[in-house]
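Novice: In the UniProt record's numbering, the protein residues as written are 1 to 133. Even glycine gets a Cβ: it sits at the ideal position worked out from N, Cα and C. Everything numeric in this text was worked out from a predicted model, so none of it was measured.
Here's what the structure looks like:
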């Protein structure tokens, strides 16, 4: 794990421990993500982060977009174009704004909408989001 990842993980642990984003943590996150932090926080404040899970612990997140669709967020991956281009292809960013929003929201009480569904409905929902017909 590189220094960037260690600092980021420490910031996430601080959010989880404090159940809030302190000025110190906000400063750290802004240094790590100067381009996307503001947009990520707007996503969280708008209530656009959802966690869909099963009783046995399988889960994925969605972030609603303005185009009446949702981006699917799996661990370390997002279905958006920015993730594919800037994170995977060119490696110019560590993560997209959607993934950052999920990482932060999942550690803040009440910041994500949570739904538990049956396993078959969970998998059908995930497939429909990833490969719409």
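Hey, residue 63 and residue 129: beta-carbon distance below 8 Å or not?
Specialist: By one-based count along the chain shown, residue 63 stands at place 63. By one-based count along the chain shown, residue 129 stands at place 129. No, the Cβ-Cβ distance between residue 63 and residue 129 is not below 8 Å.
Novice: Between residue 54 and residue 26, what straight-line distance do the alpha-carbon atoms span, to the nearest angstrom?
Specialist: Sequence index remark: in the chain shown, residue 54 carries index 54 (1-based). Sequence index remark: in the chain shown, residue 26 carries index 26 (1-based). Going by the C-alpha atoms only, they are around 32 Å apart.
Novice: Buried or exposed, going by whether 16 or more other CB atoms sit within 10 Å of the CB of residue 122?
Specialist: The residue labelled residue 122 in the question sits at position 122 within the chain shown. Counting Cβ neighbours within 10 Å, residue 122 comes out buried, since at least 16 surround it.
Novice: Where do the ends of the beta strand (DSSP E) carrying residue 53 lie?
Specialist: Reading the chain shown from its first residue, position 53 is the one you call residue 53. Run containing residue 53: 49-53, per the beta strand (DSSP E) assignment.
Novice: Three Cβ pairs or more, each shorter than 8 Å: is that satisfied between the segment 7-14 and the segment 70-89?
Specialist: The segment 7-14 vs the segment 70-89: no contact.
Novice: Hey, residue 56 and residue 115 are a contact pair by Cβ (cut 8 Å); roughly how many whole angstroms apart?
Specialist: Residue mapping note: residue 56 aligns to position 56 of the chain shown, counting from 1. Residue mapping note: residue 115 aligns to position 115 of the chain shown, counting from 1. About 15 Å; that fails the 8 Å criterion.
Novice: Looking at residue 101: is its Cβ nearer than 8 Å to the Cβ of residue 40?
Specialist: Locating residue 101 in the chain shown gives position 101, where the first residue counts as 1. Locating residue 40 in the chain shown gives position 40, where the first residue counts as 1. Yes.
Novice: Compute the distance between the beta-carbons of residue 29 and residue 37, then report whether it is under 8 Å.
Specialist: The sequence position of residue 29 within the chain shown is 29, counting from 1. The sequence position of residue 37 within the chain shown is 37, counting from 1. A contact, by the Cβ cut-off of 8 Å.
Novice: Excluding sequence positions up to five away, which residues of its chain have a Cβ less than 6 Å from the Cβ of residue 19?
Specialist: In the chain shown, the residue the question calls residue 19 occupies position 19. These residues qualify, in order along the chain: 109.
Novice: Give me the Cα-Cα distance between residue 47 and residue 111, rounded to the nearest whole angstrom.
Specialist: Against the chain shown, residue 47 aligns to sequence position 47. Against the chain shown, residue 111 aligns to sequence position 111. So the alpha carbons of these two residues sit roughly 7 Å apart.
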